[in-house]
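> Which chain is which? The protein sequence lines are A and B, in order.
Following my numbering, the numbering of the first sequence begins with 84 at its first residue and continues without gaps.
Following my numbering, the numbering of the second sequence begins with 84 at its first residue and continues without gaps.
Using N, Cα and C, we set each Cβ at its ideal position, and we do this for glycine too.
The structure follows.
Number of protein chains: 2
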Amino acid sequence: MNAKTSESTNPHTAAGKGEELAQAAFTLFSTRGIDRVNLDEVAAAAGVTKGSLYWHYSSKKAVVLAACDLYYLRWRAQISAATDSCAGAYATLEAAVAYSVRSCLLDDANRVFSTEIVALSLYDTDVRASWAGFLDETQRYFLGLTHQAVGSGELVCADVDRAVDLMVAAMEGIKQIALFQPQICGPQSEQRTCIRLMSLLGSQQER
Amino acid sequence: MNAKTSESTNPHTAAGKGEELAQAAFTLFSTRGIDRVNLDEVAAAAGVTKGSLYWHYSSKKAVVLAACDLYYLRWRAQISAATDSCAGAYATLEAAVAYSVRSCLLDDANRVFSTEIVALSLYDTDVRASWAGFLDETQRYFLGLTHQAVGSGELVCADVDRAVDLMVAAMEGIKQIALFQPQICGPQSEQRTCIRLMSLLGSQQER
DNA sequence: CATCAACTGTACTGGTCAGTATGGAGTTCC
DNA sequence: GGAACTCCATACTGACCAGTACAGTTGATG
């Protein structure tokens, strides 16, 4: 009960050990899974020991939640990096879908981490709430872009809300199924997947 | 190394303790998760002790794989029960999708078990191979029905293979997302989800 | 210099649990 | 009747690991 609580919920010491521990935890969790990584390893990967880790975080669950927050931050940074050179809502939407598909199919760390968190969410309401917020954020992100693309006449879609729902669900499903069908991870399949997902959002209008 | 191997791979003693242990394991695993259930509990739920369990199964992993096989058996039984009164490929397809959506959205045990197995598949190649076979079976099931419906003129679909791929992926995604959006589990939403998924397979032809 | 707070390391505890060792009970078959 | 096999229970081991106790160390501040 030191500064633990404020640290884990509000890591104001940006590049401090708290942050470094969260990064080490994320790296380990997303390669070997949460249950298979102990906090001694996390601490060691950050260059400290468990005694120090427990000063920054009150429990393993707090470490997991910090790793989640880091994952969200990185998603935001990467999705905006993948789309910042795009002009127009439709092009942005295409780039965002392309980035998401790529990370679903090729980024093992992404798959491992999200699968682990989903499994944890079955039993832990805090983790579930955290991940639900993130899912909601991504959904709203795609929803906003799709509405923009429809508004600008680049896209025609009868029911944007449901279309985005379905597209996001399909994306999650593809991420999961890719683990069992590695053959769908090739570049040509990746592109076809993007086209299929985009078609769920409506039909593109020529100018 | 007793009769363990033959038992776990070929449970010929149909209603024996081996089967009963697998059922107990499935029930426990699909409510509390695999890591959170120990083999003493599994044995106790089947009315025996761990010593007996280890005569029937060589390891916890063997118990998990037996529970998987039980899950596959039950899926086959339930999907055929849900469709056996249907006349025609399209009606069968509709009923199969409706059953799958219902079990995705409302059946917690189904969600917990499959999520746990997917998470385990990240690290265990045997479990992954087992689940991959099941995914392949379900995919081929929907593929066969869709081809039939197209062949009989009830359905029009340009690319059946890709359409089924996408529909199955969307179904998996919906199952996962439902954990975080309980509001989509209502009956009216369930029906809309079915219609949406069916529309992925093509457009129905009036007779 | 004394004091306090931030931070870290070492060593330990307590609980959990997969897997093992072993000694049976019941049955079958020679 | 005894040998062999099937099935089961009791008791134990050994490893793992989250969390705790506590004693530093460092640096800022009055």
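1. Hey, quick one: how far does the alpha helix (DSSP H) through E199/B stretch, first residue to last?
2. Whole angstroms are fine: how far does the CA of I257/A sit from the CA of I278/B?
3. I want to verify the contact list: residues of chain A whose CB lies under 8 angstroms from the CB of S204/B, in sequence order.
4. What residues from the segment 197 to 226 of chain A come within 7 angstroms of chain B, judged by C-beta to C-beta, listed N to C?
5. Using alpha carbons as the reference points, say which of S168/A, Q259/A, V147/A and F225/A lies closest to V210/A.
6. What residues from chain B crowd round W253/A, counting only those whose CB sits closer than 8 angstroms?
7. Just the Cα atoms here: how many angstroms apart are V201/A and R119/A?
8. Between Q274/A and chain B, is there a C-beta pair that is closer than 8 angstroms?
9. In three-state terms, what does DSSP make of C131/B?
10. List the residues of chain A that V146/B touches, going by C-beta distances under 7 angstroms, in chain order.
11. Leaving aside the five residues before and after N193/A along the sequence, list all residues of the same chain whose C-beta is less than 6 angstroms from its C-beta, in chain order.
12. Compare the C-beta of Q287/A against all C-beta atoms of chain B and say whether one is closer than 8 angstroms.
13. With a floor of 4 residues, list each alpha helix (DSSP H) that falls wholly inside the segment 143 to 185 of chain B, ordered by position along the chain.
14. What is the C-beta distance between A150/B and A129/B, in whole angstroms, given that I count them as a contact (C-beta under 8 angstroms)?
15. In chain order, what residues of the segment 103 to 131 of chain A put their CB closer than 9 angstroms to some CB of chain B?
16. With a CB to CB cut of under 6 angstroms and the five nearest residues on each side skipped, what residues in its chain are close to S113/A?
17. Cβ closer than 7 angstroms: which chain B residues qualify as neighbours of R373/A?
18. Compute the distance between the beta-carbons of V239/B and G285/B, then report whether it is under 8 angstroms.
19. Taking Cβ positions only, does Q180/B come closer than 8 angstroms to chain A?
20. Given that a residue counts as buried once 16 or more other Cβ atoms are within 10 Å of its Cβ, and exposed if not, what is Y140/B?
21. Among L188/A, F109/A and K143/A, which has the Cα closest to the Cα of Y154/A?
22. Consult DSSP for L284/A and reduce its assignment to one of helix, strand or coil.
23. Below 8 angstroms, how does it come out for the segment 254 to 272 of chain A and the segment 207 to 221 of chain B: are there three or more Cβ pairs, yes or no?
24. Here's the rule: buried if 16 or more other CB atoms are within 10 angstroms of the residue's CB, otherwise exposed. What is L289/A?
25. Mind checking D167/B: buried by the 16 CB within 10 Å criterion, or exposed?
26. May I have a chain-ordered list of the alpha helix (DSSP H) segments no shorter than 4 residues that lie completely inside the segment 102 to 128 of chain A?
27. Kindly indicate which three-state DSSP category L136/B falls into: helix, strand or coil?
28. Which residues mark the beginning and the end of the alpha helix (DSSP H) in which E255/A is found?
29. Give the straight-line distance between the Cα atoms of E90/B and V233/A, rounded to the nearest whole angstrom.
30. Would you list the one or two residues that DSSP bridges to L238/B?
31. What does V195/B touch in chain A if you count any residue whose Cβ is under 7 angstroms from its own?
32. Does S272/B come out as helix, strand or coil in the three-state DSSP assignment?
33. From the beta carbon of Q266/B, is the nearest beta carbon of chain A less than 8 angstroms away?
34. Assign D207/B to one of three DSSP states: helix, strand, or coil.
35. Go through its chain and collect everything with a Cβ distance to A178/A's Cβ below 7 angstroms, but skip five positions before and after it.
Checking against the coordinates, here is how it stands:
1. Taken as a continuous stretch (DSSP letters only), the alpha helix (DSSP H) holding E199/B covers D191 to S204.
2. Going from the Cα of I278/B to the Cα of I257/A covers about 20 angstroms.
3. Ordered by position in chain A, the residues that pass the 8 angstroms Cβ test against S204/B are L262 and F263.
4. Going along the segment 197 to 226 of chain A in chain order, one finds T198, E199, V201, A202, S204, L205, Y206, R211, W214, A215 and L218 with a Cβ nearer than 7 angstroms to chain B.
5. Minimum Cα distance to V210/A is reached at V147/A.
6. Trp is not the amino acid found at residue 253/A; the sequence shown has Ala there. Scanning chain B for C-beta atoms nearer than 8 angstroms to the C-beta of A253/A yields L249, A252, A253 and G256, reported in chain order.
7. C-alpha separation (whole angstroms): 16 angstroms.
8. Not one chain B Cβ lies under 8 angstroms of Q274/A.
9. The residue asked about is misnamed: residue 131/B is Val in this sequence, not Cys. Three-state result, V131/B: coil.
10. The premise fails here: V146/B is roughly 18 angstroms from chain A at the closest Cβ pair, so nothing lies under 7 angstroms.
11. Close CB contacts of N193/A within its chain, under the 6 angstroms cut and outside five residues either way in sequence, are with S186 (chain order).
12. No, no contact with chain B.
13. Counting only runs of 4 or more, we get 143 to 166.
14. In this structure A150/B is not in contact with A129/B, their Cβ atoms being roughly 12 angstroms apart against a cut-off of 8 angstroms.
15. Here the close residues are R115, G116, D118 and R119.
16. Taken in chain order, the residues that qualify are A192, V195 and F196.
17. The shown model of chain A, from 84 to 290, leaves out residue 373/A, and the question about it has no answer.
18. Yes, they are a contact pair.
19. Contrary to the premise, residue 180/B reads as Val rather than Gln in this sequence. Between V180/B and chain A, the shortest Cβ-Cβ separation is not below 8 angstroms.
20. Sixteen is the threshold: when 16 or more other Cβ atoms of the shown chains lie within 10 Å of the Cβ of Y140/B, as they do, the residue is buried.
21. The shortest C-alpha separation from Y154/A is found at F109/A.
22. Note: L284/A maps to coil in three-state DSSP.
23. These segments touch.
24. Sequence inspection shows Glu at residue 289/A; the Leu mentioned does not correspond to that position. Burial call: exposed.
25. Label assigned to D167/B: exposed.
26. Listed in chain order, they are 122 to 128.
27. Three-state result, L136/B: helix.
28. Annotation: the continuous alpha helix (DSSP H) that includes E255/A extends over V243 to A261.
29. Because E90/B carries a pLDDT of 36, less than 50, the predicted location of this residue cannot be relied on, and the following value inherits that uncertainty. About 59 angstroms.
30. Residue pairing by DSSP puts L238/B in a beta bridge opposite Q287/B.
31. Listed along the chain, the chain A residues whose CB falls inside 7 angstroms of the CB of V195/B are L205.
32. Reduced to three states, the DSSP call for S272/B is helix.
33. No, Q266/B does not count as interfacial toward chain A.
34. In the three-state reduction of the DSSP assignment, D207/B falls in the coil class, being assigned neither a helical nor a strand state.
35. Around A178/A, the same chain offers A165, T166 and C169 as residues with beta carbons nearer than 7 angstroms, after the five sequence neighbours per side are excluded.
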